[in-house]
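Asker:
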Ligand code: CAA
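Numbering (the numbering used here), first residue to last: 1 to 403.
1. Is residue 81 helix, strand or coil by DSSP?
2. Mind checking who residue 239 pairs with in its DSSP beta bridge?
3. Which of the three DSSP states is assigned to residue 71 in this structure?
4. Does the ligand CAA have even one heavy atom less than 7 Å from the beta-carbon of residue 239?
5. Among 187, 121, 174, which has the Cα closest to the Cα of residue 161?
6. Tell me the DSSP bridge mates of residue 417?
7. Can at least three beta-carbon pairs, one atom from the segment 256 to 273 and one from the segment 95 to 110, be found at a separation below 8 Å?
8. Under 6 Å Cβ to Cβ from residue 293, same chain only, skipping five residues before and after it: list those, please.
9. Ignoring anything shorter than 3 residues or poking outside the segment 113 to 192, list the beta strand (DSSP E) runs there in chain order.
10. Would residue 170 and residue 141 be called neighbours here (beta carbons separated by less than 8 Å)?
11. Among the residues of its own chain, which have a CB less than 7 Å from the CB of residue 158, if the five just before and after it don't count?
12. For residue 381 and residue 137, what's the separation of their Cα atoms in angstroms?
13. At which residues does the alpha helix (DSSP H) containing residue 48 begin and terminate?
14. Do the segment 224 to 233 and the segment 303 to 311 meet, that is, are 3 or more Cβ pairs less than 8 Å apart?
15. Specify the secondary structure class of residue 65 as computed by DSSP and reduced to three states.
16. Tell me whether residue 70, by its Cβ, gets closer than 7 Å to a heavy atom of the ligand CAA.
17. What is the rounded straight-line gap between the Cα of residue 49 and the Cα of residue 287?
18. Indicate, with yes or no, if the ligand MN has a heavy atom lying under 7 Å from the CB of residue 234.
19. Tell me the rounded alpha-carbon separation between residue 6 and residue 305.
20. Can we count residue 364 as close to the ligand CAA, meaning its CB is less than 7 Å from some heavy atom?
21. Are the segment 106 to 116 and the segment 141 to 155 in contact at 8 Å, needing three or more beta carbon pairs?
22. Who are the Cβ neighbours of residue 404 in its own chain at under 7 Å, not counting the five residues just before and after it?
23. Indicate the three-state DSSP secondary structure (helix, strand or coil) for residue 313 in the structure shown.
24. Verify the contact flag: residue 408, CB atom, against every heavy atom of the ligand CAA, threshold strictly below 7 Å.
25. Short of 6 Å in beta carbon distance, which residues of its chain neighbour residue 319, apart from the five on each side in sequence? Order them along the chain.
26. From residue 24 to residue 1, what distance separates their C-alpha atoms?
27. Grab me the residues of residue 242's own chain with a C-beta within less than 8 Å of its C-beta, minus the 5 sequence neighbours each way, in chain order.
28. Only counting the same chain, and skipping five residues up and downstream in sequence, which positions put a Cβ closer than 8 Å to that of residue 135?
29. Closer than 7 Å: is that where the CB of residue 180 sits relative to any heavy atom of the ligand CAA?
30. Enumerate in chain order the residues of its own chain whose CB-to-CB distance from residue 254 is below 6 Å, with the five nearest sequence positions on each side excluded.
31. State the start and end residues of the unbroken beta strand (DSSP E) segment that holds residue 19.
32. What I want to know is whether the C-beta of residue 158 ends up closer than 7 Å to one or more non-hydrogen atoms of the ligand CAA.
33. Compare the C-alpha of residue 174 against each of 198, 232, 215, 222 and name the closest.
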């Protein structure tokens, strides 16, 4: 049976996150982004409200919630501010490789202390490097075996929450000659000698999230910081992104919805030629398309999360959700600015921030071009040359035409 209703527990969590965003995010987001400092106060409140670390199993101190539930929180917080939502949900990304590949002992030792205290603590997902963005397999950071442990050398960039993180999940090459098969994933405590935070990026939008360089210089880590096996690193990174791209899609859905709501409210309030501007088809048709896009984004997102929750590989669906929802957020933001006219372009109104914030959703956690590559590689595999579609090409049984 297909059921599009959220369960009672899911509905309660969604409502709690929406109330949190209404009370603690939306009223402060625009002012906070001008302060140029980490929005610790809001993130601490989100932690205390139980809106972080949802996916960590109960046995190690987490809430044991589903990916679908995580997306509900991200949609609600994203509605308030995409940057704050990114800061709040970033532990999902940082801890996902550890949850995928680590043993229960490793989780208890390295993750439990970060999620059970009174003060919010952070992890950071360290994959990207200056010369290795879309081509994740080409990273240059190295891990060299020394005794029972490892020595990490290299530099990562664009790392969300890096300056406040206590633990980094770091992807490094143990043997550059092996390409992606030589990659491994490690946990690197941020207080170890040789771990330094470098340049913090100045961005167009999502100013309420922080991305910095992390530099590793001869960092000695114990053997139990290795997650899974040598050679598993690339697949752990890809499996992580399959999960977390649904989270980005959820933030994007929140942004897209906020654009609909702000534009519709404005269209009812703003009068020109003696009537609300929403009475014009030029505006009302835009509103309908914006809302339709948002609803489609929401259900692609929830479906991608539901697949993962049910143990079904969702590479294609999470890529669909990520690119469709973030494209919807961007398009809705542009149209929200347009509907609000001159007011849409002013800092005092929410539309210009929505537009700046939306752009990053099309870029981080894999650009939308990379998402289309991920999805199309699955589609091509689903349709091999010998697939019986019921239609016979004229050349079947003979050599295919050489074009
Ligand atoms: N699950 C399991 N295995 C997977 C997989 C998945 N989702 N995707 C690929 N693999 C496996 C493949 O099966 C293959 O294994 P075999 O050789 O055993 O068959 C292996 O991994 C290599 O796969 P590909 O040949 O497809 O790899 P590729 O080098 O062509 O790259 C890519 C694929 C999709 C382009 C990948 O590099 C990618 O996702 N790039 C984008 C990286 C990215 O999203 N970065 C964002 C960083 S995080 C961030 O932005 C957040 C922040 O803090 C700002």
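Beta carbons are placed, not taken as given, at the ideal position from N, Cα and C, and that holds for glycine.
Answerer: Straight from the coordinates:
1. coil
2. Paired residue(s): none; residue 239 is not in a bridge.
3. helix
4. yes
5. 121
6. Residue 417 lies beyond the stretch modelled for the chain, which goes from 1 to 403, so this question has no answer here.
7. no
8. 328
9. 122 to 126, 142 to 146, 149 to 160, 165 to 173, 183 to 189
10. yes
11. 128, 201, 211
12. 21 Å
13. 40 to 48
14. no
15. coil
16. no
17. 34 Å
18. As presented, the structure is devoid of the ligand MN, carrying the ligand CAA as its sole ligands.
19. 13 Å
20. yes
21. no
22. This structure does not reach residue 404, given that the chain is present from 1 up to 403, and the question cannot be answered.
23. coil
24. The first residue shown for the chain is 1 and the last is 403, placing residue 408 beyond what the model contains.
25. 371, 374, 375
26. 38 Å
27. 308, 313, 314, 315, 318
28. none
29. yes
30. 75, 78, 79
31. Run containing residue 19: none in the beta strand (DSSP E); it sits in the alpha helix (DSSP H), 8 to 20.
32. yes
33. 232
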